Amino acid sequence: MAIQTIKWDKGAVKIIDQTLLPNKFVYLKFRDVKDFWHAIKKLQVRGAPALGVASAYGAYLGIQHSHAKNYTEFIRELDRVIKFIGSARPTAVNLFWGLARMRAAAVNNKKKPVSAIKKELLAEAHKVYEEDRAICRKMADYGARLIKNGDVILTHCNAGALATADYGTALGVIYRAKEQGKRIKVYADETRPLLQGARLTTWELMREGIDVTLICDNMAAHIMSQGKVTKVVVGADRITRNGDAANKIGTYGVAVLAKYHKIPFYVVAPVSTIDFNLSHGRHIPIEERRGEEITTIHGKMLAPRGVKTYCPAFDVTPAKLITAIVTEKGVFKPDEIKKIR
Ligand code: MRU
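Per this note's numbering, the sequence shown starts with residue 695, numbered consecutively.
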């Protein structure tokens, strides 16, 4: 997979600026944690697993030049950085999971000098990155078993290489099925308001030579009724113990439509996306974004100035609408997901 969404480069985090795709392919370099926080907030780097990797590197960015004289001072500084990065986006639990990994690495090495703890933290961030690459491929192996030659898959948002270190969750399954020689077609929902489907999913699928057709979100019901979709495959930002799954706004609607049309609905997500602390999807914090994301496109007003808006960025698909959840540990019925713990 040629797309490297995020990487560490000589004291800096490098990311593809996803707000510029598909028109420009540009890497941005961050040395400062405040600037990197804005990049996360603006969705220059996005997608739950990629946010896990980003938060780990972000935590290191925040302490790499620390002058802390001892562990107590250092962990206080790290906690401040962790809290700061955690405030960038609330829904994708991977962001908090990456931060928790970094904190644990510091605690586990507390006996070492601060300079050595810092080295351990960079090593931990690299580990999070490498693990994500391996986990995506494992999910792809399991998920591809569900895909048949000739399947037509509808996907929502972008759960591909751009949403992970480099391979994808839902799209990883499609890549693997293609590598296995299966003939597959994909419908990509445009995914209003920020168009991750139109801008990112189509871009990366076309690069990989996958037959993709872009539709507006409100066309999904029509094409399903015509029998044009055989499976729905999406990613997730947070899955609760009962198997409810938060994903990009609009996913719930697609799941309702899939149920009505008797189309299997699969969620592909790493175990790091499961929030074992939450019992039910209604407890998932849903990010609300600025109304301008609905009222404007590229700075141009689409709606009357001053119109009221409501802009939730995610919704929750109830477990009963999900056929199965594909993880790196295997394929689970939503009500079995709690067993993974
Ligand atoms: O707001 P975004 O673009 O970060 O939302 C991303 C999604 O909803 C993805 O579908 C999800 O993170 C799964 S990514 C493998």
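Glycine residues also receive a C-beta, built at the ideal position from the N, C-alpha and C atoms.
If you're wondering where the values come from, they're calculated on a predicted model, not measured in any experiment.
Is it right to say residue i is buried, meaning 16 or more other beta carbons lie within 10 angstroms of its own, or is it exposed?
| i | result |
| --- | --- |
| Pro-979 | exposed |
| Arg-932 | buried |
| Thr-1006 | Here residue 1006 turns out to be Pro, not Thr, going by the sequence shown. When all chains shown are included, Pro-1006 counts as exposed. |
| Ala-696 | exposed |
| Cys-910 | exposed |
| Gly-1000 | exposed |
| Arg-774 | exposed |
| Pro-964 | buried |
| Arg-725 | exposed |
| Leu-714 | exposed |
| Phe-1026 | buried |
| Tyr-721 | exposed |
Out of the options, state which residue places its alpha-carbon closest to the alpha-carbon of residue i.
| i | options | result |
| --- | --- | --- |
| Leu-815 | Thr-896, Lys-1027, Val-906, Ile-769 | Ile-769 |
| Lys-1110 | Asn-941, Tyr-765, Val-787 | Any question about residue 1110 goes unanswered here, given that the chain covers just 695 to 1035. |
| Ala-834 | Glu-884, Arg-783, Val-707, Gly-854 | Gly-854 |
| Tyr-823 | Leu-789, Pro-807, Val-961 | Leu-789 |
| Leu-972 | Gln-712, Gly-947, Ala-940 | Ala-940 |
| Asp-1009 | Leu-848, Pro-784, Ala-882, Ala-838 | Pro-784 |
| Glu-982 | Arg-795, Ala-786, Lys-879 | Ala-786 |
| Ala-706 | His-820, Lys-1032, Glu-771 | His-820 |
| Lys-942 | Asp-711, Lys-728, Gly-741, Lys-701 | Gly-741 |
Measuring from the CB of residue i, is there a heavy atom of the ligand MRU at a distance below 7 Å?
| i | result |
| --- | --- |
| Leu-737 | yes |
| Ala-997 | no |
| Thr-990 | no |
| Val-1010 | no |
| Pro-784 | no |
| Gly-746 | no |
| Arg-984 | no |
| Val-896 | The sequence as given places Thr at residue 896; Val does not occur at that position. The answer is no for Thr-896. |
| Arg-935 | no |
| Val-1020 | no |
| Thr-713 | no |
| Pro-887 | no |
Which residues bound the beta strand (DSSP E) around residue i?
| i | result |
| --- | --- |
| Arg-720 | Residue identity check: residue 720 is Val in the sequence provided, not Arg. Taken as a continuous stretch (DSSP letters only), Val-720 belongs to no beta strand (DSSP E), as it is neither H nor E. |
| Arg-932 | 932-934 |
| Gly-1024 | 1024-1026 |
In the DSSP assignment, find the unbroken alpha helix (DSSP H) run with residue i in it and report its ends.
| i | result |
| --- | --- |
| Leu-772 | 765-780 |
| Gly-837 | 808-838 |
| Val-801 | 787-802 |
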